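Here's the structure, in structure tokens; my notes come after.
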Amino acid sequence: MDANGATTSSADGGGSNSKASSKKNSRKPKYSRFTQQELPACKPVLTPGLVIATFTIIGVVFIPLGLVSLSASEHVVEIVDRYDDSCVPPNYSNDKLKFIQNADTNKSCIRILPVPKLMKKPVYIYYQLDNYYQNHRRYVKSRSDKQLRSKSAANDISDCTPEDKTKDGPIVPCGLVAWSLFNDTYGFSLDSKMIQVNKHNIAWKSDKDHKFGDDVYPKNFQTGGLIGGAKLNSSLPLSEQEDLMVWMRTAALPTFRKLYGKIDEDLPANKKIQVEIQNNYNTYSFGGKKKLVLSTTSWIGGKNDFLGIAYIIVGGLCLFLAVFFILLYVIKPRPLGDPSYLSWNRTPSGGQPN
Amino acid sequence: MDSESVETFYSVESALSSSSIRSNFSIQSKASGRNSIREVNFGDLGSKPVRYGSHGAGSETYSISMSQREINDEDARLVHINDPVQTNERFEFSGNSIRTGKYSILTFLPRNLFEQFHRVAYIYFLVIAVLNQLPQLAVFGRGVSILPLAFVLLVTAVKDAYEDYRRHRSDRIENNRLASVLVNDQFQQKKWKKIEVGEIIKIYANETIPCDIVLLSTSDPTGVAYVQTINLDGESNLKTRYAKQETLIKIPEKDNLTGLIKCEKPNRNIYGFQANMEVDGKRLSLGPSNIILRGCELKNTAWAVGVAVYAGRETKVMLNSSGAPSKRSRLETHMNLEIIFLSLFLIALCTVVSVCAAVWLRRHRDELDYLPFYRRKNFSEDGEEENYNYSGWGLEICFTFLMSVIVFQIMIPISLYISMELVRVGQAYFMIRDTQMYDESSNSRFQCRALNINEDLGQIKYVFSDKTGTLTENKMEFQCASIWGVDYSGGKAISQDQKDGYFVKVDRKVLRPKMKVKTDPELLQLARNGKETEEGSHVHDFFLALAACNTIVPLIVDTDDPFVKLIGYQGESPDEQALVYAAASYGFMLIERTSGHIMIDIQGERQRFNVLGLHEFDSDRKRMSVILGFPDKSVKIFVKGADTSMFSVVDRSMNKNVIRTTEAHLYSYSSLGLRTLVIGMRDLSTSEFEEWHSAFEVASTALMGRASLLRKVASNIENNLCILGASGIEDKLQQGVPEAIESLRTAGIKVWVLTGDKQETAISIGYSSKLLTNKMTQIIINSRSKESCRKSLEDGIIMSKKLTTISGTTNYTGGTSGAGLTPVALIIDGTSLVYILDSELEESLFQLACNCSVVLCCRVAPLQKAGIVSLVKKRTADMTLAIGDGANDVSMIQMADVGVGISGQEGRQAVMASDFAMGQFRFLVPLLLVHGHWNYQRMGYMVLYNFYRNAVFVLVLFWYVLFTCFTLTTAITDWSSVLYSIVYTSLPTILVGILDKDLSRRSLLKYPQLYGAGQRQECYNKKLFWITMIDTFWQSAVTFFIPLLAYWSSTIDASSIGDLWTLAVVILVNLHLAMDVMRWNWLTHAAIWGSIIATFICVIVIDSLPFLVGYWAIFEIMKTGLFWLCLLAIIVAALIPRFVVKVLYQLYVPSDVQIAREIEKFQTQTESGAVEIEMNSILDTPRR
């Protein structure tokens, strides 16, 4: 396939070589450690000692790390409440779609969440969606980051179909992602006292500062034939619409959480929190689950034992391997660099041909 | 020459090989090829277009076929001398301007693109990029998808443009050079590009010839011109060209020189030319000795005048400017199979994705219209509901399939081809720069002429070597002579009294031969005594024959001492040179040679002999002869040639004793490894001479079959000879040959020697080069019929089996082949091979040869050499290497998997046909054992690593697709996908492919058996491929699923986790490489750690662009501990299996290479001294 290139280049090389030869008297290559491939180099050889040491070190490092991660995960207090089924009134339970699509039904729903342990502030409020493919190709591509950033790019809607424009002009923010903005709301009260939900700084600072323009205002949003989700306050610039920013950071996996807000007070143990949910968002059409999550946080993030367990397994395995190799070394050692192990020395009838 | 011309050799060969003699032709081209006449012709005797001689079959057969073709009018070009207008009016002859540049400014873009897209890889790139432009399939951004292709195209285009610019520039310089051309009866300066066919051109000494010209006259009264053809064929000795007597006398400015030249159409054969010239009503024939080709330089001749016959691109040198044939390396051939596996795997992945997508679409078909993340219905158009971006179920599947091809495209590692080319260039750089492969005596470096078979050097199993010039130096030295049945071989050293050698005084100036020859004092005395005694007269005739019967041209060179001049003998055959120098030392000094006479200084007395006729050497007759007219009007013919051919024309009735003793001497000479020639003579009676003369005249002016006619004339006169004696010439073994052969054999390489020499000579060289030992049993096959061949082969097989089974070893055991107690050597001659090759006996020959540890083929013709190579090549999967220096090795070099040319004495044809060229045979040891081993190991590892590297990335993408409704979303950004194989991971693998060394040069030379690793294909085989692929699977799964599980139901967004995957894959892949690097020098460190750092920088830069989705993601995720924990876990967990397997293998199933590495690491201090000495003996001795 590359015959042509190779031959021409080699022919050219030959030509220039012969020219060089006529210029110089001696064509002896100059000696340098580089050209003779003798650069000083380190030649690692896997000695048993090195191998055992490697495994021991990995084991010694990984097991504590695993334990620390596990304990961090253990310290996270998490309340998860799936409400999509329970928040449908019994008379609609056979036709949830009708309930959710009907604008007149009462969507509010009260949930009581017991607090198992003291939850130190800040307590993060998430909504979790299951079986919701925010990473679907059609969905991910259906947005216009330029439009979000600056007013002048309002017409940059080529990627946004089918939510690109209405009769009145381009939709800002356009695209399926913005259109399907989550619109359930939660109100929390503890002992009949409202808990303040802090919805500030739930989005990334970088999004607020650079990605979503402070001169871009929602326009024609959710005015089309089909309402996908939340409406936006058209008097606020996008740079202040933090729910939108959180939503537009499309999730990587089909089961995801999105930050809804923060509760800046401790939730005492064994108390019951009452949540009033406005169950607006339609996940019934595709069997998605909705969950409300209250969680404290740790350095490892949310509650997730996987990594800790993984670390302990890997660490344990390494320690086991270290022991295994020690045993192997003791039982069946092989002297390193013994010429008698060379294949031509092993065959009895072998020997140097003369 | 390409394979096509090899085939034409075959056809010519088979056409001519009806008789066994014929197919044996040029069997002796080595033994007595030195006394050949090649382009020498004598103007008054007519010319002979056939170029016979040591340069063997390649050109030989070609010119035979040329000479047999009559120049028909339609095949001819008519050149009117000194009348360019008339010459060019009927035919469109090309002007003399040349254009080696490929492109003009206008044609550059289309032509260059067209040429680049000849590569399949680029077409693959292009198809993928085009697919990606379709809106339904746009996986990557449009710009991103074109980027890699555009980059590669641009780089190549810039390189091509630069090279073309340089060619244009050199063309311009060349075209604007000046030459003097006869215009209006005056020589005027004219630019080369303006020269037209038919014009008369005058060239002065040391000038380059502007176009192919037919000589008309020269400054030399006899019409000789000397040219150097170094630009044409690399031979630095001067060649003689002759002007025709008829044109010689004319002065172009005064005599209105007109005439018509009828010559063949332009062709590539630089050794052939056939034409007729009509001058003054006379018809003269022209041959290759009458034409000077473009690119030659005029030397030792004040001026020469010629008429342009071929100009510009029709000159022979331009027609010959093409590169070496390209071969494909074995590893690459194997690799292609694995690429097919990968393609199938790619198709499988894409099928999985599209089937899953189909199932998903089917299952959700009722929901698709309103599904928030699908939304098939578009309501934005006025009330109308229509499907948006959905073309039906079937098409969606089809699109998904194509999209997955686009996403997973790097599964087919296109970048591998580019990396491999770069690596090979790098490897070639180091091979060329290796000081241990530099030949001081010829001042030549190692040359890599083929850039795509470096790694084959590490897998050679058979080496086919030429003898003369390859194993031996091809510097001939006269050693001994047998004259009239008396052996004179006492010349052991140059004795003190004749230290200065023989010299003659001319005009108070001392003339001395350039080279001194050891002389036998007794013989010297006899020679000095002159013809008084009978013995003396025989000696006289013998040396006269040596001095006269050749085509050597003496050249007198000044020295620093104004009174001393050196006489050098220029000739194309080293044997002849040796003989003439010897004759000079014994007082028969050839002083002058012109077309009609020679001047020989015999013991201080100048004598002039008329050269009445000369029969060139040809490989049928295997002899040459010269007819001399003596000052006393007697006419004698002197003949010299190979013993077999000579004894057949010797008059057996005379001097039986002399013949017998001479034969005995010949036998003893050749068993000493000397090259022998027999010299004979005969007096010619006047009638005989007249008869011959008329026949010769007829033959030499014949237009049809001139060559065979001349051969016949020669055969008729060369008979009933009286034998004068024989000469023995030593062909010195090249330095380090025995050690090199021993190393190669220890390395498990079978060395076969294929030579044109006599059996005795070949065997003696075999002993002196340690190819043969006294322990060996020799099976010799000299058969004269097919039946006897069959029988001796069968006997041989039985015998060799017996011998090898007694000793208890089979010869197939890798590195220890031939290590049995009774090794067997097979010696077979060319005549037997005639019956064996291309017949059903081939198979038994192969079997027999496999049982033998040494195979020596003597008296083989060039084509038989190729036949033997192909015999082995056809029947085994083992790699073959052919090494040779002469034109007779060309076919063998081209036939073998790897062809190595020795840039030695015999011109450059072998080098031109070779893949690698070097100065000495012994460089084969560092070339194969060191560089070959390294190249193979590096390339094998690199290919596997590249497969792994791309597959692991593709699999990570694939796993993610399973979690996105099979819609080919990539969490990893488009830019990272594209940069992955260009920036993130390419440099380390290329650098490791160029620089990594598993073992040091010293260990590789100390244990040649380590070469077996390549022969056994230890570094690249199917097993390794599949193990690598399983490892790839595991590593990709770890890379993907650890973050997946760690971030399941978390707030992670696609860009952040994509960055994590990107970094994890890149670090993993680079650490994987780091784990396998065997020698860490600073460049390796820089490349590997640099790549990882570069990746971080690139990811950060990509995430700092606000218009991309992943803006700032990397900074957000790097703040979290989970990110770093994931990264660490991925790398450790992914690499553990590989590490464990590697350790277990290295500790408990160690390969030889592994043990040698350990020896190198732990025992260097203790053994370094001993190794140093050993190395010196093998390698470091060349310093002279």
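Top to bottom, those sequences are chains A and B. Taking full-length UniProt numbering, the leading residue of the first sequence gets 1, the next gets one more, and so forth. Taking full-length UniProt numbering, the leading residue of the second sequence gets 1, the next gets one more, and so forth. Glycine residues also receive a C-beta, built at the ideal position from the N, C-alpha and C atoms. Because the structure is a prediction, the values reported are computed rather than measured.
Cut-off 8 Å between Cβ atoms - residues of its own chain near residue i, not counting five sequence neighbours on either side
| i | result |
| --- | --- |
| Phe151 of chain B | Ile982 |
| Phe430 of chain B | His931 and Ile994 |
| Asp164 of chain B | Gly101, Lys102, Tyr103 and Phe108 |
| Leu772 of chain B | Ile763, Gly766, Gln778, Ala825, Val854 and Leu856 |
| Gly814 of chain B | Annotation note: pLDDT 40 at Gly814 of chain B (below 50); position unreliable, coordinate value reported separately. For Gly814 of chain B, where only same-chain residues beyond five positions count, the Cβ hits under 8 Å are Gly748, Gly1012, Gln1015 and Arg1016. |
Neighbouring residues, chain A, relative to residue i (Cβ below 7 Å)
| i | result |
| --- | --- |
| Phe430 of chain B | Thr35 and Gln37 |
| Glu1158 of chain B | Val45, Leu336 and Gly337 |
| Met1078 of chain B | Lys43 |
| Cys965 of chain B | Tyr133 and His136 |
Whole-Å CB distance - residue i paired with residue j, under 8 Å assumed
| i | j | result |
| --- | --- | --- |
| Tyr308 of chain B | Cys211 of chain B | The question names Tyr, yet the displayed sequence has Ala at residue 308 of chain B. 5 Å between Cβ atoms; contact. |
| Lys461 of chain B | Lys509 of chain B | That pair is no contact at about 60 Å. |
| Arg82 of chain A | Lys262 of chain A | No, Arg82 of chain A and Lys262 of chain A are not in contact; Cβ-Cβ is about 22 Å, not under 8 Å. |
| Lys107 of chain A | Asn279 of chain A | 5 Å |
| Arg257 of chain A | Tyr92 of chain A | That pair is no contact at about 27 Å. |
| Lys299 of chain B | Tyr226 of chain B | 5 Å |
| Gly469 of chain B | Asp885 of chain B | 4 Å |
| Ser152 of chain A | Glu367 of chain B | About 38 Å; that fails the 8 Å criterion. |
Chain B residues whose Cβ lies nearer than 9 Å to that of residue i
| i | result |
| --- | --- |
| Tyr132 of chain A | Pro372 and Phe373 |
| Asp145 of chain A | Pro1106, Phe1107, Leu1108, Val1109 and Tyr1111 |
| Ile326 of chain A | Within chain B, no residue comes near Ile326 of chain A; the closest Cβ sits about 12 Å away, beyond 9 Å. |
| Ser69 of chain A | Gly1121, Leu1122 and Leu1125 |
Residues of its chain near residue i, where Cβ-Cβ distance is below 6 Å and the 5 sequence neighbours each way are ignored
| i | result |
| --- | --- |
| Lys231 of chain A | Gln222 |
| Pro114 of chain A | Lys272 |
Residues of its chain near residue i, where Cβ-Cβ distance is below 7 Å and the 5 sequence neighbours each way are ignored
| i | result |
| --- | --- |
| Thr315 of chain B | Cys211, Asp212, Leu293 and Arg294 |
| Gly629 of chain B | Phe609, Asn610, Leu612 and Val635 |
| Leu1071 of chain B | Ile1131 and Leu1135 |
Contact set between residue i and chain A, taken where Cβ atoms lie within less than 8 Å
| i | result |
| --- | --- |
| Pro1150 of chain B | Arg334 and Tyr341 |
Listed by chain order, chain A residues near residue i by CB distance under 9 Å
| i | result |
| --- | --- |
| Glu440 of chain B | Ser26 and Lys28 |
| Trp959 of chain B | Within chain A, no residue comes near Trp959 of chain B; the closest Cβ sits about 12 Å away, beyond 9 Å. |
Proximal residues of chain B, C-beta to C-beta of residue i below 8 Å
| i | result |
| --- | --- |
| residue 381 of chain A | Outside the displayed range of chain A (1 to 354) lies residue 381 of chain A, so it cannot be described from this structure. |
Could you tell me whether the segment 275-287 of chain B touches the segment 253-260 of chain B, where touching means 3 or more Cβ pairs closer than 8 Å? Touching, yes, given that three or more Cβ pairs across the two stretches are closer than 8 Å.
Decide yes or no for the touch test of the segment 111-124 of chain A against the segment 265-276 of chain A: beta carbon pairs closer than 8 Å, at least 3 of them. Touching, yes.
Can you list the alpha helix (DSSP H) stretches of 4 or more residues lying completely in the segment 524-607 of chain B, in chain order? As far as the segment 524-607 of chain B is concerned, its whole alpha helix (DSSP H) runs of at least 4 residues are 534-548 and 574-585.
Is the segment 234-244 of chain A in contact with the segment 152-171 of chain A, if contact means three or more CB pairs nearer than 8 Å? no
So, do the segment 597-613 of chain B and the segment 563-577 of chain B have three or more beta carbon pairs nearer to each other than 8 Å? no
Decide yes or no for the touch test of the segment 1033-1042 of chain B against the segment 951-959 of chain B: beta carbon pairs closer than 8 Å, at least 3 of them. yes
Completely contained beta strand (DSSP E) runs for the segment 244-278 of chain A, where each covers 3 or more residues: 256-263 and 272-278
Does the segment 168-177 of chain A come close enough to the segment 151-159 of chain A that 3 or more CB-CB pairs lie under 8 Å? yes
For a minimum of 4 consecutive residues, which ranges assigned as the alpha helix (DSSP H) are wholly contained in the segment 110-150 of chain A? 137-141 and 145-149
Say whether the segment 415-432 of chain B touches the segment 935-954 of chain B, bearing in mind that this needs 3 or more beta-carbon pairs closer than 8 Å, one atom from each stretch. Result yes; three or more Cβ-Cβ pairs closer than 8 Å.
Taking the runs of the beta strand (DSSP E) that are 3 residues or longer, which of them lie wholly in the segment 169-201 of chain A? 185-190 and 193-195
Is the number of C-beta pairs between the segment 108-117 of chain B and the segment 72-92 of chain B that are closer than 8 Å three or more? no
Three Cβ pairs or more, each shorter than 8 Å: is that satisfied between the segment 836-845 of chain B and the segment 787-806 of chain B? yes
Kindly provide the ranges of any beta strand (DSSP E) runs that are 3 or more residues long and lie completely inside the UniProt domain "P-type ATPase A" (178-241) of chain B, ordered along the chain. 178-183, 186-191, 200-204, 212-218 and 224-228
I'd like to know if the segment 118-128 of chain B and the segment 140-157 of chain B are in contact, where contact means that at least 3 CB-CB pairs between them fall below 8 Å. yes
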